[in-house]
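What follows is a short report on a single structure.
There are 2 protein chains.
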Amino acid sequence: MSIQDTPPRPGRPPSLRDPQRAICDAAASLFAAKGYDGTSLQDVASAVGMTKAGLYHYFRNKQDLFDSIVLGVLSDMLESARARVDGVEGGAQQVAAFMAAHALYFEGNRDHYRAAFIGRGGDLYVFTPEQMQARRAYTDFLKDILEQGRAQGAFAFEDAPLVARGILGMLNWMTRWYNPQGEKSAEAIAGTYAQIVLKGIATD
Amino acid sequence: MSIQDTPPRPGRPPSLRDPQRAICDAAASLFAAKGYDGTSLQDVASAVGMTKAGLYHYFRNKQDLFDSIVLGVLSDMLESARARVDGVEGGAQQVAAFMAAHALYFEGNRDHYRAAFIGRGGDLYVFTPEQMQARRAYTDFLKDILEQGRAQGAFAFEDAPLVARGILGMLNWMTRWYNPQGEKSAEAIAGTYAQIVLKGIATD
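Chains as they are written, first to last, in this note's numbering: chain A, 1 to 204; chain B, 1001 to 1204.
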């Protein structure tokens, strides 16, 4: 009997209530630490206390599992950015809200984020069309905020996509150096970067 | 007879004049494209027209070859940044010079740079002490420029290392999106980012 056939019971540990999520969480930790090539489906199955055969109820193969994590990260980041920016008035406040949302997502989902961003070495990983769309939607969301702020006279810059990528670079590069035990939270760091960038693109 | 035993001859192709460099160049292209795990020493040997046994005259194993590329990137970046900043007066001009040097290095050594930064997935890659020192020296060089500028009253910020990492993030993230056939050169993009950051940290 596979886990999929088992009806959820309130007394079971959370990891088995939502097996798909439990698998993604375990896989993300492994991909983040050991890389895609260094992680086997057997490693994932062992980590989540499932048989390898059980995994195949949820994911076709390792690639499918990795793809699903990357798409989840891209979609969730857009959702949390939208939720945080929604209702905020003014370009500067919106950029700051976007950057805070990015940092909070990173802080709260480090393994998923790191699996997606540094899990695979080299150029081998090619985004699926769905992932491409999600990534584009996320970058465009920030670009649109920047362009609206410029249209309202708050910002001065030539190339909104370039500015958006610079902002994302500052934030994404944190994967390489951020220490969760350090003095400053990811959100505080994003706040410092927001101040610098916002002053840097403010209309004189 | 190994290539190492062969005296260099002027008529030989450049790739064989300096075998160590030719090996690193070929390996960097492969690591950048296929990742560390996706590249074998045999791939490298074939790319450089050498036997695998010949490679062992120069590098102990794949790890040693990869380490050597990473250390080369870190050392060369510091050297080119120093060369460009040297003799430049004023914090803002020095930061701009540093950023231009970084972009020029990236543009001129894309495969080496990308091999070093995205060649290996996950956390498996641990810097050697020599690499740690080189990376630290590079970041410190930028941090020192920032702190000197602040001491001279040109800049206002609290945390120089944080600002340095933000600048490096903007630049390093270009590995993920920069298109060498695009409209703007890496140096021009770094120039735009320098303007934003310098205005962002300028004393009011």
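Ideal placement from N, C-alpha and C gives every residue a C-beta, glycine not left out.
When the distance is taken between beta carbons, is Met77 (chain A) closer than 8 Å to Tyr138 (chain A)? yes
Taking C-alpha atoms, which residue in B:Pro1019, B:Arg1017, B:Asp1018 and B:Ala1032 lies nearest to Val1070 (chain B)? B:Ala1032
Would you verify that the beta carbon of Val73 (chain A) is, or is not, closer than 8 Å to some beta carbon of chain B? no
Could you tell me whether the region 174–189 of chain A touches the region 1175–1187 of chain B, where touching means 3 or more Cβ pairs closer than 8 Å? no
Kindly indicate which residue of A:Ala101, A:Val95 and A:Gly72 has the alpha-carbon position closest to the one of Ala81 (chain A). A:Ala101
Under 7 Å, CB to CB, which of the residues in the region 1178–1204 of chain B have a partner in chain A? Ile1189, Thr1192, Tyr1193, Ile1196, Val1197, Lys1199, Gly1200 and Ile1201
Going by DSSP, what residues sit across from Ala1202 (chain B) in a beta bridge? B:Phe1155
Contact criterion: CB-CB distance below 8 Å. Does Leu1162 (chain B) meet it with respect to chain A? yes
Helix, strand or coil: how does DSSP classify Pro180 (chain A) here? coil
Hey, does Gly153 (chain A) have any beta-carbon neighbour from chain B nearer than 8 Å? no
Please list the partners that Met1132 (chain B) has in chain A, where partner means a Cβ-to-Cβ separation under 8 Å. Per Cβ cutoff of 8 Å: no residues; Met1132 (chain B) is ~13 Å from chain A at best.
Among the candidates B:Ser1040, B:Met1050 and B:Asp1037, whose CA atom is the shortest distance from the CA of Asp1018 (chain B)? B:Met1050
Do Leu1041 (chain B) and Val1030 (chain B) have their beta-carbon atoms positioned less than 8 Å apart in this structure? Before going further, note that residue 1030 (chain B) is Leu rather than Val in the sequence given. No, they are not a contact pair.
Short CB-CB distance (under 8 Å) between Met170 (chain A) and chain B: yes
Helix or strand or just coil, what does DSSP make of Tyr193 (chain A)? helix
Ordered along the chain, which non-local residues of its own chain (more than five positions away) have a Cβ less than 7 Å from that of Thr203 (chain A)? Gly153, Ala154, Phe155 and Ala156
What separation, rounded to the nearest whole angstrom, lies between the Cα atoms of Phe205 (chain A) and Leu1065 (chain B)? With chain A represented from 1 up to 204, any question about residue 205 (chain A) goes unanswered, as that position is not in the structure.
For Ala92 (chain A) and Ala194 (chain A), I'd like the C-alpha separation in whole angstroms. 9 Å
Between which two residues does the alpha helix (DSSP H) carrying Asp76 (chain A) extend? Lys62 to Val85
Range covered by the alpha helix (DSSP H) that runs through Val95 (chain A): Gly91 to Gly108
If I follow the unbroken alpha helix (DSSP H) through Met1174 (chain B), where does it start and stop? First-last for Met1174 (chain B): undefined, no H or E at that position.
Residues of chain B with CB closer than 8 Å to the CB of Leu135 (chain A), please, in chain order. The question names Leu, but residue 135 (chain A) is Arg in the sequence shown. None at all; the shortest Cβ gap to chain B is about 10 Å.
Got a sec: is the Cβ-Cβ distance from Arg82 (chain A) to anything in chain B below 8 Å? no
Let's test the definition: count the other Cβ atoms within 10 Å of the Cβ of Asp1037 (chain B) and tell me whether it reaches 16, buried, or not, exposed. buried
Rounded distance between the beta-carbons of Gly1191 (chain B) and Gly169 (chain A), thought under 8 Å: At roughly 15 Å, the Cβ-Cβ gap does not stay under 8 Å, so Gly169 (chain A) and Gly1191 (chain B) are not in contact.
Compute the Euclidean distance between the alpha carbons of Ile145 (chain A) and Gly90 (chain A), then round it to the nearest angstrom. 9 Å
Closest to Ala1022 (chain B) by C-alpha separation, out of B:Gly1035, B:Val1048 and B:Lys1034, would be which residue? B:Val1048
Residue-level contact to chain B via CB, Gly149 (chain A), 8 Å cutoff: no
Give the C-beta separation of Arg135 (chain A) and Phe127 (chain A) to the nearest angstrom, bearing in mind that I take them to be a contact with Cβ-Cβ under 8 Å. 7 Å
Spell out whether any CB of chain B is found under 8 Å from the CB atom of Asp140 (chain A). no
Best match in B:Asp1111, B:Glu1158, B:Ala1096 and B:Ala1115 for proximity to Ile1167 (chain B) [C-alpha to C-alpha]: B:Ala1096
Once the 5 residues before and after Val1085 (chain B) are set aside, which same chain residues still bring their CB inside 6 Å of it? Gln1094, Ala1097 and Phe1098
DSSP state of His112 (chain A), grouped into three classes? helix
Asn1172 (chain B) to Tyr1105 (chain B) span [Cα, whole Å]: 11 Å
So, does the CB of Gly49 (chain A) fall closer than 8 Å to a CB anywhere in chain B? no
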